[in-house]
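Okay, structure first, notes after.
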Amino acid sequence: MKKLVLIFGMVGILLSSCSNDDYFDENVNVLKKSNTPKNVLSAKDKEENLVTFAKILSKATYERKDVREFLKTESLKQFDKNYDVLYFLIKDEIINGRSFKDILISYSSEEIMEEIETNIPLLNILIPEIMFFNINSENLNTEDKEIPVVVSQESETTLFLNGKKELSLQKGDVPDFHVFVVNENSRVVAPVAETGNVKSGANKSITFKSPNFDGSLQNQSRIKSVDSHITIVGGKALEAYNYFNKDDGSIYQKAFQRDYVYYGITPLNQTGSLNRSVSEYLSFIEINPKTYFRVANQTSTGTNSDDPVIKDYTTSQEKRTLSSEELLDRMWTKGAYEFRFEVITSKNQHPQIIYVPFKPNEIWNFNITHTYEHSTFFRHSKNTYKIDPNNFTSKPVYLGADEISLGSWHLSEESLYRYINIVEEDESVNITSTKTYEFSHVLTCKFNGDYKLEVGVGKAKVSEGISAEVTSTNTTKESKTVVTVRKEGSDALGSIKIYYYNPIVDQRFTYQACSMPIYNTGYVKFGLTVK
């Protein structure tokens, strides 16, 4: 059996079946009947069904590589935006000439499988993602036949291998290797009855508890945008996309979305009054793992001592495993990174300063490696953990309710451009620097007080059509020196020039889902929205 580490507080990965018994029936072909009506299945009976199915499935996954490959392929489809495989949808899919259901019947009986289907209509197989150890469906090795099947019960979590109970874990503990989890799907409602002799999951009807769970609405082709939800983007920005969503340079181009959000301007109504309650916001932040090395390199010289760094690259524990909290405490120094966003505008001589603190585990997956030495007559068992920053992967942080305002952007009072500098700040003495920035302003004749009189910046020089392009005929230029006070020794993480007529929404998929442009300094990625 495989090496094992227990991680506490991750019960969401293994959904409980809520039984009050420690019931196990080691004979996979004996499923005890219940006197309870099927539409009021008791928790005990439901657990028995899940356990029985787990034993059956564990035989199939142990003996058949094609079944392991099939489950991996189906999970990667993410039909509900999770690595779930709903049995109802895939039971009739063909694997080397036999349906998935028929394969499972060969390890049990048709009667048992029919009863399980009836009692557990949302029967589900999950390949869980455990980011702390870089375990996910993508890197599941289908050559490995010793992938246990797991059921979370009321009192414990049980692992089955080849039809037998291999191991029991305490509730909330999670193995550090791949598993197949048997549970009930929580993102769809009970499937409707099949009509006719359905042999394809594509012809079966399911209903999602929310359209946000519908995996068919995902778009995997974007490279320079990030999927977002209405709560992050804001309803006003999505409305703007309804009017301005083209890439053709026409009056409907995406570039004019801010004109709608700030002024209510549309292609058919090209004048509008400024809404002074609208503001720019950071929507998400993602820190490239290579940022760690900038901090670590300076820490070795005696500076940046307040930044968290790895203090022990290897740690071991005899007789038991370590939780994720224990690993953090042993491997990392205390503290958080202070990411400082400096917003440079034409209105002010000094930048607007915004601090965003993050702890290392909030922005990176550590992908810690774990090895296990068995106990012998001469020594205890031993668990060894190693961390390597080269193996870190980034975790986007969606700000949601913690969104951070960058202030309003009123074109009659401010340039078409803003600059954002990002540094990771460290405690030290203050130093003052100056830098000259170039700004372009829309001509004052395009405004009447708070009223904007045209969409975009006015007429283009060549085409005489409405434009979002800055030319010498529709803008004026200005140079401005900005004074910035920073802590000496802080780590510069890049700068970005933001244009007012950059789109807010790149593409819209559903009423509540869209993709947004990404701004990337090389060290930090972030998104902007306007609400």
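The opening residue of the sequence shown carries number 1 in UniProt numbering; numbering runs sequentially from there.
Here a beta-carbon is modelled for each residue, glycine too, at the ideal position from N, C-alpha and C.
Nothing here was measured: the structure is a model prediction, and the numbers come from that model.
Report the option in the options whose CA atom is closest to the CA atom of residue i.
| i | options | result |
| --- | --- | --- |
| Asn183 | Ser277, Ala255, Thr52 and Asn162 | Thr52 |
| Gly272 | Ser155, Glu454 and Cys445 | Glu454 |
| Thr434 | Ile344, Leu411 and Ile127 | Ile344 |
| Val483 | Phe526, Ser316 and Gln352 | Gln352 |
| Ile387 | Gln349, Arg330 and Ile354 | Arg330 |
| Thr333 | Arg340, Ile90, Ser316 and Pro308 | Pro308 |
| residue 532 | Gly335, Asn390 and Phe70 | There is simply no residue 532 to check, as the chain begins at 1 and stops at 531 in what is shown. |
| Tyr437 | Phe208, Ile498 and Glu488 | Ile498 |
| Arg340 | Glu111, Asp426 and Arg64 | Asp426 |
| Thr481 | Asn269, Leu159 and His350 | His350 |
| Ile147 | Ser155, Tyr260 and Asn136 | Asn136 |
| Asn139 | Ile120, Ile105, Ile103 and Leu76 | Leu76 |
| Glu143 | Arg64, Ile285, Phe439 and Trp364 | Arg64 |
| Ser394 | Glu110, Val429, Pro121 and Val524 | Val524 |
| Glu280 | Lys101, Gly234, Lys477 and Ile125 | Gly234 |
| Lys452 | Ile265, Tyr313 and Ile496 | Ile265 |
| Lys487 | Asn430, Ser250, Leu159 and Phe392 | Asn430 |
| Pro267 | Leu274, Asn275, Gln257 and Arg276 | Gln257 |
| Thr157 | Glu47, Asn361 and Ile287 | Glu47 |
| Val457 | Asn361, Gly449, Ile310 and Asp259 | Asp259 |
| Phe439 | Tyr372, Thr207, Ser346 and Glu424 | Ser346 |
| Ser155 | Asn141, Gln170 and Lys164 | Gln170 |
| Leu41 | Pro360, Ile120 and Asn141 | Ile120 |
| Phe447 | Gln270, Asn361, Ile251 and Gln78 | Gln270 |
| Val67 | Lys477, Asn141, His374 and Ile206 | Asn141 |
| Ser323 | Glu110, Glu413 and His370 | His370 |
| Glu476 | Tyr501, Asp450, Glu325 and Glu414 | Looking at the sequence itself, residue 476 is Thr, so the reference to Glu does not match. Selected option, being the one with the closest Cα: Glu414. |
| Ile363 | Lys101, Tyr252 and Phe526 | Phe526 |
| Ile518 | Lys145, Ile287, Leu89 and Thr207 | Ile287 |
| Phe88 | Thr473, Ile206 and Gly335 | Ile206 |
| Leu399 | Leu528, Val485, Arg187 and Ser109 | Leu528 |
| Tyr107 | Ile56, Asn474 and Ile251 | Ile56 |
| Gly335 | Asn348, Ile354, Lys311 and Glu342 | Lys311 |
What are the residues that DSSP puts in a beta bridge with residue i?
| i | result |
| --- | --- |
| Gln349 | Answer by DSSP bridge pairing: none, since Gln349 is not bridged. |
| Gln507 | Ser515 |
| Ser190 | For the record, residue 190 in the displayed sequence is Ala; it is not Ser. Answer by DSSP bridge pairing: none, since Ala190 is not bridged. |
| Trp364 | Ser394 |
| Phe293 | The partner list for Phe293 (beta bridge, DSSP) is empty, contrary to what the question assumes. |
| Ile206 | Bridge partners of Ile206: none, in fact. |
| Lys386 | Thr314 and Thr369 |
| Tyr500 | BP columns for Tyr500 are empty, so no partner. |
| Pro357 | Glu338 |
CB residue i to CB residue j, shorter than 8 Å?
| i | j | result |
| --- | --- | --- |
| Ser283 | Met516 | yes |
| Glu129 | Tyr62 | no |
| Gly494 | Thr521 | yes |
| Asn185 | Ser58 | no |
| Asp92 | Gly215 | no |
| Val442 | Leu416 | yes |
| Asp491 | Val356 | no |
| Glu114 | Leu123 | no |
| Met368 | Leu327 | In the sequence on display, residue 368 carries Ile and not Met. It is a contact, given that the beta carbons lie within the stated cut-off. |
| Ser408 | Val278 | yes |
| Ala54 | Phe160 | yes |
| Val189 | Lys204 | no |
| Phe180 | Ile105 | no |
| Leu274 | Tyr263 | yes |
| Leu238 | Cys514 | yes |
| Lys531 | Lys254 | no |
| Phe392 | Phe366 | yes |
| residue 537 | Ile127 | Residue coverage of the chain in this structure runs from 1 to 531, which leaves residue 537 outside it and unanswerable. |
| Thr315 | Tyr385 | yes |
| Val85 | Glu74 | yes |
| Glu338 | Glu424 | yes |
| Ile372 | Asn361 | It is Tyr, not Ile, that sits at residue 372 in the sequence shown. Their beta carbons are not under 8 Å apart, which means Tyr372 does not touch Asn361 by this criterion. |
| Ile90 | Phe100 | yes |
Less than 8 Å between CB atoms is the rule here; does residue i satisfy it with respect to chain B?
| i | result |
| --- | --- |
| Ile112 | The chain labelled as chain B is not found in the depicted structure, where only one protein chain is given. |
Does the structure place the segment 149–169 close enough to the segment 90–97 that three or more beta carbon pairs sit under 8 Å? no
Report the start-end ranges of each beta strand (DSSP E) in the segment 62–114 that is 3 residues or longer and not cut off at the edges. You should have 84–86.
Do the segment 389–403 and the segment 493–507 meet, that is, are 3 or more Cβ pairs less than 8 Å apart? no
Touching by the beta-carbon criterion (3+ pairs, under 8 Å), the segment 234–254 and the segment 377–397: no
Whole beta strand (DSSP E) elements within the segment 413–465, 3-residue minimum: Runs of the beta strand (DSSP E) inside the segment 413–465: 417–425 and 430–442.
Contact between the segment 408–427 and the segment 312–320 (3+ Cβ pairs under 8 Å): no
Residue ranges of each beta strand (DSSP E) run of no fewer than 3 residues wholly in the segment 240–274, ordered along the chain? none
Every unbroken beta strand (DSSP E) within the segment 142–188, with a cutoff of 3 residues, ordered by chain: Here the runs fully enclosed are 149–152, 156–161, 164–170 and 180–184.
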